[in-house]
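One structure is given below, encoded as structure tokens.
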């Protein structure tokens, strides 16, 4: 079972990947660290020994710039080798995912397309009478894209009850907070109006994440969207809610400080 020590361990690996490469979206990855960890280790029905298993659950990282969060997990589960380096010649591990990476179902880049892709997978499963679930993580910043709301409309209209969308609601885009630019709230009511079941949780509370996903194998009438309230850069004091850390790799000094904070969670002060 995932605990905060495990999450901090994965975060440290993400930190090292980005620090060594000199580039990477550390803060965007850290805001959804607990969510991704719970999905891979506890919720999704997947098989690293058979990555192409037809009945596996699908995972779509629509906020694909945060995909570095998945790489240490894919290595830990045995999908990819631990010698595969982030952003190095000959490696498939880039800022955005590629289908050449074992265990990856979606190659991202442009924001706003992941939920539509996930809707297609979920609709295909219903037509084929397959029982797998499709999970899609979106950033709240990409919810400014019209294509996202077209996808919410489609998912609700087609009653894709095998689809679970999770909005990483860190409330921070590249340069400013969402509610200062163009308010997205109230999100729950909007989603319900589009025909979705909506739940709001603390996206860093492991038990709340588990509970929000505990009934996804049960029958429901509508697709489910979880609004996970998070903090960008969560767990690193100087990165939290700091717009200037968007897409910025840590310097050696910053990495040292961040590593110290993460190791306090893993091993105690």
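In my numbering, the protein residues as written are 2 to 270. Cβ coordinates follow ideal geometry from the N, Cα and C atoms, glycine included. Please read these numbers as outputs of a predicted model, since none were measured by experiment.
Exercise. Got a sec: is the Cβ-Cβ distance from residue 74 to anything in chain C below 7 Å?
Worked result: In the structure shown, chain C cannot be found, because there is only a single protein chain.
For this session: Could you please give me the residues that DSSP links to residue 228 through a beta bridge?
Result: In the DSSP assignment, residue 228 is bridged to 168 and 201.
Exercise. In or out: residue 133 buried (at least 16 other Cβ within 10 Å) or exposed?
Worked result: Buried, because 16 or more other Cβ atoms sit within 10 Å of the Cβ of residue 133.
For this session: In angstroms with no decimal places, state the Cα-to-Cα distance between residue 53 and residue 17.
Result: Between residue 53 and residue 17, the C-alpha separation is close to 29 Å.
For this session: Taking 7 Å as the cut-off, decide whether the C-beta atoms of residue 138 and residue 62 are in contact.
Result: Yes. Within cutoff.
Problem set entry | Spatially closest choice to residue 233 from 73, 224, 192 and 244, by CA coordinates | The shortest Cα separation from residue 233 among 73, 224, 192 and 244 belongs to 244.
Exercise. Below 7 Å between beta carbons: does that hold for residue 13 and residue 205?
Worked result: No.
Problem set entry | Buried versus exposed, by CB contacts within 10 Å (16 or more), residue 175 | Classification of residue 175: exposed, given that the 10 Å Cβ count is below 16.
Exercise. For residue 137, does the three-state DSSP call read helix, strand or coil?
Worked result: Correct three-state label for residue 137: strand.
For this session: Inspect the CB distances between the stretch 167-185 and the stretch 87-99 and report whether three or more fall short of 8 Å.
Result: Here the stretch 167-185 does not lie against the stretch 87-99, with fewer than 3 beta-carbon pairs under 8 Å apart.
Exercise. Are the Cβ atoms of residue 167 and residue 225 separated by less than 7 Å?
Worked result: Contact flag unset, no.
Exercise. Taking C-alpha atoms, which residue in 20, 48 and 8 lies nearest to residue 33?
Worked result: The shortest C-alpha to C-alpha distance from residue 33 to any of 20, 48 and 8 is the one to 8.
Problem set entry | For residue 155, the first and last residue of its enclosing alpha helix (DSSP H) | Its alpha helix (DSSP H) spans residues 147-158.
Exercise. Secondary structure at residue 178, three-state DSSP: helix, strand or coil?
Worked result: Three-state DSSP puts residue 178 in a strand.
Exercise. Which term fits residue 143, buried or exposed, when burial requires 16 or more other beta carbons within 10 angstroms of its beta carbon?
Worked result: By the neighbour-count criterion, in which a residue is buried when 16 or more other Cβ atoms sit within 10 angstroms of its Cβ, residue 143 is buried.
For this session: With residue 218 as the anchor, note down where its beta strand (DSSP E) starts and where it stops.
Result: That residue, residue 218, is in no beta strand (DSSP E); it is neither H nor E in DSSP.
For this session: Within its chain, find whatever has a CB closer than 7 Å to the CB of residue 60; leave out the 5 residues flanking it on each side and keep chain order.
Result: Within the same chain, residue 60 has close Cβ partners 40, 45, 106 and 136.
For this session: Could you check what DSSP says for residue 61 in three-state terms: helix, strand or coil?
Result: Residue 61 falls in the strand class under three-state DSSP.
For this session: Assign residue 173 to one of three DSSP states: helix, strand, or coil.
Result: Residue 173 sits in a strand when the DSSP states are folded into three classes.
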